[in-house]
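The opening position of the sequence shown corresponds to residue 2 in the working numbering, with each subsequent residue numbered one higher.
Virtual Cβ for every residue (Gly too), placed ideally from N, Cα, C.
Model, not experiment: these values are computed from the prediction.
Only one structure is covered here, and it is reproduced in the block below.
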Amino acid sequence: MSPTSQPVEPQRNVTALPRVLIIDDDRALCSSLERLLRLEGYEVALAHTAPDGLERAITEPYDLLVLDVMLPGGDGRVLLKKLRTTSEVPVIMLTARGDEKDRIHGLEAGADDYLPKPFHVRELLARMRSVLKRRMATPASPQLVKLGDLEIDPGPRLVRRDGEDITLTGTEFEILLLLVKSFGRVVTRDEIAEACLGRTIGAFDRSVDNHISNLRRKLGATWQDKERIQSLRGSGYIYTAGDSA
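This is how it looks when you write it as structure tokens:
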């Protein structure tokens, strides 16, 4: 594997408190979140513009980013796309009024989850814990998974298609691994949400569907004339591009 095939991130001390960067121009909200998160045992850094936020995110080690869509000096989604060229740090994106387009574009840019404003801080904390738990979890005996043109290595969380590295967000990786391990079986949206988002979803919550769309785009919709991830209306999703044997 080429040394530049995967994003290179600043190294973190794994024994340190979780370090969070909040990028939002609402200074009152940032101050409130900083105070509450510190009480919950997080180290918190703040940035109020897109350029400052991107520089901090690239040059300093963080365990999680909380990123607003609308920022002075740039769009949060554009910032995230730039960040994803060098970093796989988990990102929760904040969107105004639960705008569906903002959510879709945020997930396409590489967000792991999103939260519409206004929100309750306990909801944000729950999302943060869920993302960090998934990120830090390492299988006791990670086994290399091969199916069709894909090779998935759960330990370093790497995905290759025909030997080429594919960059996925943490959430996308978890969803793909779940579907591949459930090869040939329908996995419901609720199952995916609980296992990979760490929460339940409502009937109109399209977050799982948006992540699936990203996976299809990154991995290719088909393999050997087989639809990679089939959608069964009212049921869920099923991975069929491969040989169960």
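Nearest-angstrom Cα distance between residue i and residue j?
{"i": "G149", "j": "E165", "result": "14 Å"}
{"i": "G199", "j": "D113", "result": "11 Å"}
{"i": "E175", "j": "R186", "result": "16 Å"}
{"i": "S232", "j": "M129", "result": "29 Å"}
{"i": "K147", "j": "R85", "result": "25 Å"}
{"i": "T96", "j": "P119", "result": "9 Å"}
{"i": "G228", "j": "K182", "result": "Reading off the sequence, residue 228 comes out as Glu, not Gly. Taking the straight line from one Cα to the other gives about 17 Å."}
Thinking just about the alpha-carbon of each residue, which of the options is nearest to the one in residue i?
{"i": "N215", "options": "I202, I230, C31 and Y63", "result": "I230"}
{"i": "P62", "options": "T96, V21, C31 and T50", "result": "V21"}
{"i": "A110", "options": "R123, R130, G77 and T96", "result": "G77"}
{"i": "H121", "options": "D26, I24 and L30", "result": "L30"}
{"i": "L65", "options": "L18, K102, A51 and A97", "result": "L18"}
{"i": "A196", "options": "S131, G74, T223 and Q225", "result": "S131"}
Quick check on DSSP: helix, strand or coil for residue i?
{"i": "Y238", "result": "strand"}
{"i": "R161", "result": "strand"}
{"i": "I59", "result": "helix"}
{"i": "I23", "result": "strand"}
{"i": "A17", "result": "coil"}
Flag this pair as yes or no: are the beta carbons of residue i and residue j separated by less than 8 Å?
{"i": "Y240", "j": "F205", "result": "no"}
{"i": "L126", "j": "Y115", "result": "no"}
{"i": "L178", "j": "I153", "result": "yes"}
{"i": "G171", "j": "P91", "result": "yes"}
Taking the DSSP output, what are the residues bridged to residue i?
{"i": "Y115", "result": "M94"}
{"i": "G75", "result": "L72"}
{"i": "E228", "result": "T223"}
{"i": "V132", "result": "In the DSSP output, where bridge partners are listed per residue, V132 has none listed."}
{"i": "E44", "result": "R20"}
So is residue i in contact with chain D if we call contact Cβ pairs under 8 Å?
{"i": "I167", "result": "Here there is only one protein chain, and chain D is not present."}
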